[in-house]
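Add 124 to a position in the sequence shown, counting from 1, and you land on the number used in the numbering used here. First comes the structure, then the notes that go with it.
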Amino acid sequence: MIKPFNGRQLWYALLVVVILLGFHSHDVLATEKGTPIAFQAEVSKMLDILVNSLYTNRQVFLRELISNGSDALSKIRMVYLKSRKEPVNASGDEPTMDIRIHFNEEMKQLIIQDGGVGMTEEELDKNLGSLGSSGTRSFLEKIQNASKDSSNNLIGQFGVGFYSVFLVGDRVSVASKSDDSDVQYVWESSGDGKYFLYEDPRGNTLGRGTEIVIDLKPDALEFLKPDFIKEVIQQYSEFIDYPIYVAEVVEVEKPSPSTNTTEDSENETTEENEEKKVEEDEEKEVEKIREVRWTHANTNKPIWTRPLGNVTDDEYIDFYQATFKDSKQPIYYSHFKAEGEVDFDSILFIPHEDDLTSILEETESNSIKLYIRRVFITDEFRELLPRYFGFVKGVVDSNDLPLNVSRENLQENRILRVIRKKLVRKIFSMINDIATHEENFKKYTNTTDAAKAESPERRGTKKLEKPMYSHFWEKFGLNIRYGIINDAVNRGRLSKLLRFKSSQSENEFISLQTYVDRMKKDQKGIYFLTGDSIERIKQSPVLQDALDRKYEVLYMTDAVDEYFVRHMTDFAGKKLLNLVHNEVRMGDVDEDRRAIAKKRTEMYSDFLTHLSTFLEPGEVSKVILTHRHTTEAFIVSSNQHHITARMSNIIRSQAIGLDREIPKVRRVVEVNYRHPLVNELYQRFIIDKDDEMAKDIAWVLYEIASMRAEFPVSNISMHAKRIDRLLRGGADIGLDEELLPEDDDKYLEIVKEERAALAAKKNETQATAKKKMVDEPPTTEEESSKPSLKVEVKEENSEDNEDL
125 MIKPFNGRQL
135 WYALLVVVIL
145 LGFHSHDVLA
155 TEKGTPIAFQ
165 AEVSKMLDIL
175 VNSLYTNRQV
185 FLRELISNGS
195 DALSKIRMVY
205 LKSRKEPVNA
215 SGDEPTMDIR
225 IHFNEEMKQL
235 IIQDGGVGMT
245 EEELDKNLGS
255 LGSSGTRSFL
265 EKIQNASKDS
275 SNNLIGQFGV
285 GFYSVFLVGD
295 RVSVASKSDD
305 SDVQYVWESS
315 GDGKYFLYED
325 PRGNTLGRGT
335 EIVIDLKPDA
345 LEFLKPDFIK
355 EVIQQYSEFI
365 DYPIYVAEVV
375 EVEKPSPSTN
385 TTEDSENETT
395 EENEEKKVEE
405 DEEKEVEKIR
415 EVRWTHANTN
425 KPIWTRPLGN
435 VTDDEYIDFY
445 QATFKDSKQP
455 IYYSHFKAEG
465 EVDFDSILFI
475 PHEDDLTSIL
485 EETESNSIKL
495 YIRRVFITDE
505 FRELLPRYFG
515 FVKGVVDSND
525 LPLNVSRENL
535 QENRILRVIR
545 KKLVRKIFSM
555 INDIATHEEN
565 FKKYTNTTDA
575 AKAESPERRG
585 TKKLEKPMYS
595 HFWEKFGLNI
605 RYGIINDAVN
615 RGRLSKLLRF
625 KSSQSENEFI
635 SLQTYVDRMK
645 KDQKGIYFLT
655 GDSIERIKQS
665 PVLQDALDRK
675 YEVLYMTDAV
685 DEYFVRHMTD
695 FAGKKLLNLV
705 HNEVRMGDVD
715 EDRRAIAKKR
725 TEMYSDFLTH
735 LSTFLEPGEV
745 SKVILTHRHT
755 TEAFIVSSNQ
765 HHITARMSNI
775 IRSQAIGLDR
785 EIPKVRRVVE
795 VNYRHPLVNE
805 LYQRFIIDKD
815 DEMAKDIAWV
825 LYEIASMRAE
835 FPVSNISMHA
845 KRIDRLLRGG
855 ADIGLDEELL
865 PEDDDKYLEI
875 VKEERAALAA
885 KKNETQATAK
895 KKMVDEPPTT
905 EEESSKPSLK
915 VEVKEENSED
925 NEDL
C-alpha cells in the first residue's frame, strides 16, 4: 500500500519535478508583466560602474545574495520574537529558516531561495527599483526596542549588493512573499534601464521569503556546477548564521518490486531457497532514478563568535590549520573581542615559520581574512596590518563596516584604521608574551620560584609549554628589523623585541635591555659589529680592543642590520656604536692622556701626512694614529658620517644589473705607532721619503688591512708585484735578477739513458726465453695434454671482428 505524501514531502516532490523538467519562472507573457518601469536614480547608468568598478571578482555576487538572505532571515527571526506567525505556501508547506540553492541546467538558471522576511510589492519597488536604497536600514527604523547587538547585525546596503547579479546574469527575476501581503510578487529586469513588477502567476509558492532566478550569461555557466558553488560558499559564506543547502541531482539504482510470492517456497528446503534467491537476484531488473539531495555547504561555525572559554586548544589549532593550509601548529594564538570605538571579534595566530613573501615581495598579504557579519569580504589588501607583521595569520569580523563596500573605500575607511591600530597593539602583546615566558623560563627553572617559569593560563590564549622566543626570532627577526626601518611610530616597541648574540653570549640571544643592564660604568654606549657570520666578526681587528677592555659586543649577522642601525641610533638612552667607526672611543680619557695623545700626533704628523700622499688619496679620507688596543700595524676603518664597507658591499650586490650609483666609501687608515713595522717605516721615511721598499711595505699593510675590513683592493696586479718585491728583498734576491735558463737538455739526456736501459732489459728477457725453449723442448705427453688453440680469422668485416 502506498502511503500518501505529507506536506513537506509533497513540497520536495514538486521541487524535484521543477528541477528535472526545467521549469522556467521567467516564462510569463508580456501582457501579464504589465508596463515596464524605469529605474530610479539613474540605475541604468550606475550599473556599468557597479559591475566594472565595485566588484573585480564576480564570484562575490553569490556572497552578496547569500548575505541578503541571511539578513532577511535575521529580520523575520526578530519579528517572530514579538509576534510569531505560521505562514504556508499553496501546498501547505511552511518556509524553512535556511538558504537553498538549486539549478535548472536546461534553462541555464541559478536559483537562490531563502525563508526570510520577504518583500511586498512596495518594498520590491523601493529596494530594487532605486540604487542605494536600503531595505534593511528602513526596517531598522521600525525596531524600537531592539538591542544594540541585534540591530548591528542587520546593517547593510541591500540595493548595491543585489545588482552584482548582473555580473553573471543576463536576466534576473526576484519572487518574494511577505507576511504583510497576501500576494506573491515578481520583480524582473535585464539590467537595461527598466524593470517589471507584477503578481506572480504561479501563486503563493514560497509561503514567505524570496526566490532569485538568474539567467546565466554564456561565460558564467560554471555557476551551474554544485561543486563550484560549494567552493564559493566555503570561501565567502562559510560562517553565515543560517544553513546553506545546495541541491545535487544524483542517479541511484532502485530494484523493481519482486513478482514472486513466498507460498511456493514454504515447502522448499533452505538450500533450494538460497539457490532460487540467487537466480531471482540475477534476473531482477535494476531501475535508475534521479533524485535531489541537499548538501549542507556551511557546516563550520565561526569559532571567533563563541565565548572565549568555550573553545578548546585543539579547536583553535584545527581551525588554523584548515583555514591557512598549514600542517604545523602555530607558536601562539590569541582570541579576543575588541570593544569601544569599534567592536570586532578576532583570532590572531603566530605561525611556526614564514616564507618571507610578506616582506620581500610587493604583493598584498593574504594573512588576515576580513569578515563583515561573518561574510568573507577579502584577504587581499595590506591595510589591516603593517607589512612587517604580514607573517601573522588571523580573522577579523566586524559588525561596524558596511558589507557592500569597494576595496578602495576599505583602504580609506576610518573604522578600518581603528581596527588596524588595535590589531597592532594585540600583536605586540602576543610577541611580548612569548618573550616574557622565555625569560622567566631561563630565570626561574630549577629554582624555588619554578612556578613563575610556566606560561599563565588565559582564556582564548595558547599556553606555552616551552621557550619559543628564540625560535620566533630566528624565523621572524627579519620582520622586526624591517619594522624598525619603516615604522618610526612603533620603533620603540619594536626595539624591545630585538635579539642578538654577543661576545659574552655566543650561544644564546640576548635583548638590548639585557645588554644595557650589564654595561660597565664607563661604557659609552652599546657596542656592535656587523658581518656575514659570528666567525667572520670574530676575525675583525677592531674587536680585539673591546675584548681586551672587557666590553661586551653585539654580533649582528644579517644584511638588513646595516640598514636598521642607521634608523635606530639609540636604546634606553644609550647610543648604538659601530666599532668600525674610528670615532668610537672606549673608556674614560683623562686630561693627561688627551695631552699625551696630542703630543704624539704632533710628532708623527709629517709621517702620517706622507702616507696620505700615496695611499690611494681618492679612497682614503685621512691617516691617523690609532687609539685602539691592537696588534695590527694598520687598521682600515670608516667615518661615522659615511657608509661602512659592509654596507657598500651589500648595496653593490643588490645593484647588479641595475643602473645605480654606489655611494662612495671614505676609508680611514689607523696606524699603530707601537708596531715594529710602523716604526721601521717611520725611521726609513725620516731618512728618505722616496724609499721604495718602505712604500711597498706601507702599501701591503694598507691593502691587507683593507681586505680584513671588507674593502676591495683596487689593483690586485700591483698588490702582487709589491709582495713579490718584498719577498725578493727578504730573500736577498735582486730585483733585476732574471729567470734561470731552460734546462731541457739536462733532463733529455736522463730520459735517453732510462729508455736505453729499458730496451736492453727487454731484449735480455726475450733471449733467455728462447734459449729455454731450445734447451728444454716439451714431451709428447705434455703436448697431447695441452688444449689445442685454434684461431679463426675472418676476412670479412663482421660484427665479431668489429668487437675484437
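Backbone N, C-alpha and C define an ideal beta-carbon position, used for all residues, glycine too. None of these values were measured; they are calculated from a predicted model.
Residue i versus the options, residue with shortest Cα-Cα distance
{"i": "Met-771", "options": "Phe-835, Tyr-806, Arg-583, Lys-318", "result": "Phe-835"}
{"i": "Asn-803", "options": "Ile-774, Glu-816, Asp-694, Ile-821", "result": "Ile-821"}
{"i": "Thr-654", "options": "Arg-642, Lys-566, Ile-774, Gly-242", "result": "Ile-774"}
{"i": "Phe-758", "options": "Asn-702, Asn-424, Val-824, Pro-591", "result": "Val-824"}
{"i": "Lys-648", "options": "Ala-299, Glu-707, Thr-447", "result": "Glu-707"}
{"i": "Phe-513", "options": "Ile-551, Asn-523, Lys-546", "result": "Ile-551"}
{"i": "Asp-860", "options": "Asp-848, Lys-870, Lys-461, Tyr-871", "result": "Asp-848"}
{"i": "Tyr-593", "options": "Asp-217, Ile-336, Ile-427, Met-554", "result": "Met-554"}
{"i": "Leu-547", "options": "Ser-314, Asp-867, Ser-657, Val-466", "result": "Val-466"}
{"i": "Glu-246", "options": "Gly-216, Gln-308, Ile-225, Ser-297", "result": "Gln-308"}
{"i": "Val-747", "options": "Val-613, Thr-502, Ser-729", "result": "Ser-729"}
{"i": "Glu-507", "options": "Phe-500, Asn-537, Phe-515", "result": "Asn-537"}
{"i": "Ile-767", "options": "Glu-630, Val-435, Glu-686", "result": "Glu-686"}
{"i": "Lys-209", "options": "Asn-228, Lys-886, Ser-302", "result": "Ser-302"}
{"i": "Lys-576", "options": "Asn-251, Arg-583, Asp-714, Glu-589", "result": "Glu-589"}
{"i": "Thr-159", "options": "Ile-857, Ser-313, Lys-662, Ala-214", "result": "Ser-313"}
{"i": "Arg-182", "options": "Pro-211, Phe-347, Gly-216", "result": "Phe-347"}
CB contact flag (residue i, residue j, <8 Å)
{"i": "Gly-253", "j": "Phe-163", "result": "yes"}
{"i": "Arg-617", "j": "Val-684", "result": "no"}
{"i": "Val-666", "j": "Arg-752", "result": "yes"}
{"i": "Glu-415", "j": "Val-374", "result": "yes"}
{"i": "Gly-293", "j": "Asp-339", "result": "yes"}
{"i": "Ile-223", "j": "Tyr-366", "result": "yes"}
{"i": "Lys-378", "j": "Ile-413", "result": "yes"}
{"i": "Met-643", "j": "Arg-673", "result": "no"}
{"i": "Ala-833", "j": "Ser-761", "result": "yes"}
{"i": "Phe-688", "j": "Phe-600", "result": "no"}
C-alpha distance - residue i paired with residue j, whole-angstrom precision
{"i": "Asp-899", "j": "Arg-879", "result": "31 Å"}
{"i": "Ser-191", "j": "Asp-324", "result": "24 Å"}
{"i": "Gly-242", "j": "Trp-311", "result": "12 Å"}
{"i": "Ser-664", "j": "Thr-725", "result": "25 Å"}
{"i": "Gly-853", "j": "Ala-818", "result": "11 Å"}
{"i": "Glu-372", "j": "Lys-461", "result": "39 Å"}
{"i": "Thr-244", "j": "Ser-361", "result": "27 Å"}
{"i": "Thr-560", "j": "Lys-566", "result": "10 Å"}
{"i": "Ile-225", "j": "Pro-219", "result": "14 Å"}
{"i": "Glu-581", "j": "Tyr-444", "result": "20 Å"}
{"i": "Tyr-319", "j": "Ile-336", "result": "15 Å"}
{"i": "Leu-291", "j": "Ile-353", "result": "16 Å"}
{"i": "Leu-850", "j": "Lys-788", "result": "31 Å"}
{"i": "Val-625", "j": "Leu-700", "result": "According to the sequence shown, residue 625 is Lys rather than Val. Each residue's alpha carbon lies about 15 Å from the other."}
{"i": "Asn-130", "j": "Ser-198", "result": "Note that Asn-130 has pLDDT 48, beneath the 50 cutoff, so the model's placement of it is unreliable and the number below is only indicative. Roughly 28 Å separates the two Cα atoms."}
Presumed contact (8 Å Cβ cut-off) between residue i and residue j, rounded CB distance
{"i": "Asn-763", "j": "His-705", "result": "7 Å"}
{"i": "Phe-473", "j": "Gly-518", "result": "6 Å"}
{"i": "Ser-745", "j": "Val-792", "result": "6 Å"}
{"i": "Tyr-675", "j": "Ile-658", "result": "So it is not a contact: roughly 17 Å between Cβ atoms."}
Residue i classed as buried or exposed, judged by whether at least 16 other C-beta atoms fall within 10 angstroms
{"i": "Gly-952", "result": "Any question about residue 952 goes unanswered here, given that the chain covers just 125 to 928."}
{"i": "Gln-233", "result": "buried"}
{"i": "Glu-439", "result": "exposed"}
{"i": "Arg-332", "result": "buried"}
{"i": "Gln-930", "result": "Missing from the structure shown is residue 930; the chain here goes from 125 to 928 and no further."}
{"i": "Glu-355", "result": "exposed"}
{"i": "His-734", "result": "buried"}
{"i": "Arg-798", "result": "exposed"}
{"i": "Ile-650", "result": "buried"}
{"i": "Ala-893", "result": "exposed"}
{"i": "Gly-285", "result": "buried"}
{"i": "Ser-777", "result": "exposed"}
{"i": "Gly-240", "result": "buried"}
{"i": "Gly-742", "result": "exposed"}
{"i": "Glu-598", "result": "exposed"}
Neighbour flag for residue i against chain C, beta carbons, 8 Å
{"i": "Lys-412", "result": "Included in the structure is just one protein chain, with no chain C present."}
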